[in-house]
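Peer 1: Letter by letter, the sequence shown follows residues 2 to 493 of the numbering used here.
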Amino acid sequence: MFESLQDGIRSALKTLRGKGKLTESNMRDGLDLVERSLLEADVSYDVIKAFMAGVTERAMGRRVMLSLDPGQELVGIVRDELLSVLGPVDPSIRLHEACNVIMLCGLQGSGKTTTCGKLAKLLQANHVTSMLVAADLQRPAAIEQLHVIGRQIGVPVYSEPGATDPVKVCQNAKARAESEGVRVLILDTAGRLAIDEELMNQLRRIDHQVSPDHVFFVVDGMTGQDAVRSAGAFNAALELDGVIMTKLDGDARGGALLSVKHVTGVPIKFIGTGEQIDALEPFRPEGMASRILGLGDILGLVDVARQVVTEQQQKDLEEKIRAGEFTLDDFKVQLESLSRPGLIQKLIGLMPGMSQFTEMMEQMDAEGDTRRLIGIINSMTTAERRNPKVIDQSRRNRIARGAGVPVSEVNNLVKQYDVMAPIMKTMASKGMAGRMQAIRELQQSGMMDPGRGMPRLKKGTGKRLNSKERLKQKKQRDKDLRRRKRQGRDSD
């Protein structure tokens, strides 16, 4: 996500290389590129005007610190302005002793039903009991979907077959939750393909008669300006307490993320970063600003790493490595922990300095390659996994046939293991500083080269963009940007 914004920032930095200080003349081109990238990300024009005014005021005539060049200074200025747009945020949900009611609202297709389950899963991880309420009576499929999600995570779902009044359903669910000592009741309300008065009246009745403690607006992060318009309508009808933004993985351009708070005045509390039931995380402006600028997000990386490998698993593995017992079985366990859909791309995006390689990763089938490696290991005998040195050519031929891959892939796996095993043993005996030094040495040797100099590819294809196609895309972007600017001026 945020590819256009990241590309714009990187282009702006290129214009400042070799400059001694920030001045109006050498900053203008850089700031124009930042503004263009915001327009391409489908950020609200009012937000862009306010954002650029703040960046320009901070940048013009600012004296560069001795330790920074103008490019680094611009990154700091843009990051500070992003933080002022996105924050401050308190991602916690304040709960009182009695039953707490959370109402989710939003347009149809924004991901409300799935988000109900994700929110319940998040509460479950913090040892808070919850109950889901099927109050979307417009779509019978939504009721069944909520029951499926409830069974998946072990959370009860309240529904009334044949009911026609969602207010009554919510009131009865609240009474049930209070009698059973449930701490949090999550209401999955109805949506529409577009804003209409019937929907708003229904939500107002639920809000008035059930009195939810928290009202969260769920918005699809891929809808751009539509998200801004719907956010304004819901905020006018209800007193929102926060926003949950979904689908911020994949091709989301990020415009809605930067615009919704400006329109509603309420913070983004959580973001959905995948289809998995645990892919909901508290929103941290600092980490998101760093991601937008391509600087990575160390705290986010740590959180994801903890989800993949527990502290005890990591401790057990390090003990085995120190004892020289790192086998292909252990390698397989590490591969399996990385084989969750979208995880590798997510980790790459969170690593500092690696954002420029996410497009390259999209062209590679990293998850498929991981599954192929696991298939090769599964085709080995127990003795071969414990001691790969016994794998001669005839064994390699048999393993390749069993895994359905060329022999060369088996050879490559064995080579990777032969290189990795001593490195893992060395790193296990070092502290954090020693491990970072070992990684730097690997990078310098070329063994961890992420693909410097890769050509820009069409998304979803393996073809290079020729000059004619690049010119056509550039003309279309320029045309769209001129139209957006005219619309912004006409609305003033």
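Glycine included, every Cβ here is placed at the ideal spot set by N, Cα and C.
Let me check understanding here. Comparing Cα to Cα, which of D208, G222, V35 lies closest to D570?
Peer 2: Look at the range of the chain in this structure, 2 to 493, and you will see that residue 570 is not part of it.
Peer 1: Would you kindly check if the distance between the Cβ of L39 and the Cβ of I49 is under 7 Å?
Peer 2: Counting from one through the sequence shown, the residue named residue 49 turns up at place 48. Counting from one through the sequence shown, the residue named residue 39 turns up at place 38. Yes, they are a contact pair.
Peer 1: When DSSP builds the beta bridges, which residues end up paired with F217?
Peer 2: Stepping through the sequence shown from its first residue, residue 217 is reached at position 216. Partner(s): L105, G243.
Peer 1: Between K270 and F284, which are expected to be in contact by the criterion C-beta below 8 Å, what is the C-beta distance as a whole number of angstroms?
Peer 2: Start at 1 with the first residue of the sequence shown, and residue 270 comes out as number 269. Start at 1 with the first residue of the sequence shown, and residue 284 comes out as number 283. The C-beta distance from K270 to F284 rounds to 6 Å, short enough to fall under 8 Å.
Peer 1: If you follow the alpha helix (DSSP H) that V211 is part of, which residue opens it and which one closes it?
Peer 2: Here residue 211 refers to the residue found at position 210 of the sequence shown. Unbroken alpha helix (DSSP H) run through V211: 198-211.
Peer 1: Please report how far the alpha carbon of I110 lies from the alpha carbon of V220, in whole angstroms.
Peer 2: The residue given as residue 110 occupies position 109 in the sequence shown. The residue given as residue 220 occupies position 219 in the sequence shown. In the sequence as displayed, the identity of residue 110 is Gly instead of Ile. Those two C-alpha atoms are separated by around 9 Å.
Peer 1: Does the beta carbon of D370 come closer than 7 Å to any beta carbon on chain D?
Peer 2: No chain D is present in this structure, which holds just one protein chain.
Peer 1: Spatial neighbours of C106 within its chain, please: CB distance less than 8 Å, with the 5 preceding and 5 following residues excluded, ordered by chain position.
Peer 2: Position 105 of the sequence shown, counted from the first residue, corresponds to residue 106. So the qualifying residues of the chain are K113, T190, G192, L204, V216, F217, F218, V219, F235, L239.
Peer 1: Using DSSP's beta-bridge definition, name the partner residues of T190.
Peer 2: Taking the first residue of the sequence shown as 1, we reach residue 190 at position 189. In DSSP, T190 forms a bridge with A136.
Peer 1: DSSP on P283, reduced to helix/strand/coil?
Peer 2: Translated into the one-based positions of the sequence shown, residue 283 becomes position 282. Strand at P283.
Peer 1: Can you find the residues in the same chain that come closer than 7 Å, C-beta to C-beta, to V183, ignoring five residues on each side of it along the sequence?
Peer 2: For the purposes of this step, residue 183 is identified with residue 182 of the sequence shown, where counting begins at 1. Excluding positions up to five away in sequence, the list reads C100, T130, S131, M132.
Peer 1: Buried or exposed for S93, please, with buried defined as at least 16 other CB atoms from any protein chain shown within 10 angstroms of its CB.
Peer 2: Looking up residue 93 in the sequence shown gives position 92. The residue in question, S93, is exposed, as its Cβ has fewer than 16 Cβ neighbours within 10 Å.
Peer 1: Just reading off the beta strand (DSSP E) that I269 is part of, what are its end residues?
Peer 2: On the sequence shown, position 268 is the one that residue 269 refers to. Unbroken beta strand (DSSP E) run through I269: 269-273.
Peer 1: Let's test the definition: count the other Cβ atoms within 10 Å of the Cβ of E282 and tell me whether it reaches 16, buried, or not, exposed.
Peer 2: Stepping through the sequence shown from its first residue, residue 282 is reached at position 281. With at least 16 other beta carbons inside 10 angstroms of its own, E282 counts as buried.
Peer 1: I'd like the list of long-range same chain contacts for G463, defined as Cβ closer than 6 Å, with 5 residues on each side in sequence excluded.
Peer 2: As a first step, residue 463 is located in the sequence shown; it is residue number 462 there, counting from the start. Per-residue confidence for G463 stands at a pLDDT of 38, beneath the threshold of 50, marking its modelled position as unreliable; the derived number appears in the next sentence. Closer than 6 Å at Cβ, skipping near neighbours: no residue.
Peer 1: How many angstroms separate the CA atom of I103 from the CA atom of R386?
Peer 2: Counting from 1 along the sequence shown, the entry for residue 103 is found at position 102. Counting from 1 along the sequence shown, the entry for residue 386 is found at position 385. Distance between the alpha carbons of I103 and R386 is about 50 Å.
Peer 1: Which partner residues of V158 appear in the DSSP bridge assignment?
Peer 2: Indexing the sequence shown from 1 puts residue 158 at position 157. V158 is bridged to L133.
Peer 1: Three-state secondary structure (DSSP) at V185?
Peer 2: Within the sequence shown, residue 185 is the residue found at index 184, counting from 1. V185: strand per DSSP, three-state reduction.
Peer 1: Provide the residue span of the alpha helix (DSSP H) that contains E1, from first to last.
Peer 2: Outside the shown range of the chain, which is 2 to 493, sits residue 1, and nothing can be said about it.
Peer 1: With Q277 as the anchor, note down where its alpha helix (DSSP H) starts and where it stops.
Peer 2: The sequence position of residue 277 within the sequence shown is 276, counting from 1. From DSSP, Q277 is part of no alpha helix (DSSP H); its letter is neither H nor E.
Peer 1: Looking at the secondary structure, which residues open and close the alpha helix (DSSP H) in which D227 lies?
Peer 2: Indexing the sequence shown from 1 puts residue 227 at position 226. Start and end: 226-238.
Peer 1: Determine, using beta-carbon pairs with one atom in the region 81-90 and one in the region 286-294, whether at least three such pairs fall under 8 Å.
Peer 2: Yes, the region 81-90 is in contact with the region 286-294.
Peer 1: Starting from R402, trace the alpha helix (DSSP H) in both directions and tell me its first and last residue.
Peer 2: As a position in the sequence shown, residue 402 is number 401, starting the count at 1. 394-404 is the span of the alpha helix (DSSP H), which, as asked, contains R402.
Peer 1: For I196, which residues from the same chain have a beta carbon less than 7 Å from its beta carbon, with the 5 sequence-adjacent residues on both sides left out?
Peer 2: For the purposes of this step, residue 196 is taken as residue 195 along the sequence shown, with counting starting at 1. Once the five neighbours on either side are set aside, the close Cβ partners of I196 are S231, A234.
Peer 1: Per the contact definition of three or more C-beta pairs closer than 8 Å, is the region 74-81 in contact with the region 146-158?
Peer 2: no
Peer 1: Under three-state DSSP, which class holds A422?
Peer 2: Within the sequence shown, numbered from 1, the residue matching residue 422 stands at position 421. Shown here, A422 sits in a helix according to DSSP, grouped into three states.
Peer 1: By how many angstroms is the C-alpha of D419 removed from the C-alpha of G454?
Peer 2: Numbered from 1 along the sequence shown, position 453 holds the residue referred to as residue 454. Numbered from 1 along the sequence shown, position 418 holds the residue referred to as residue 419. Note on G454: pLDDT 31, under 50, position unreliable in the model; the coordinate value appears next. Their Cα atoms are separated by approximately 28 Å.
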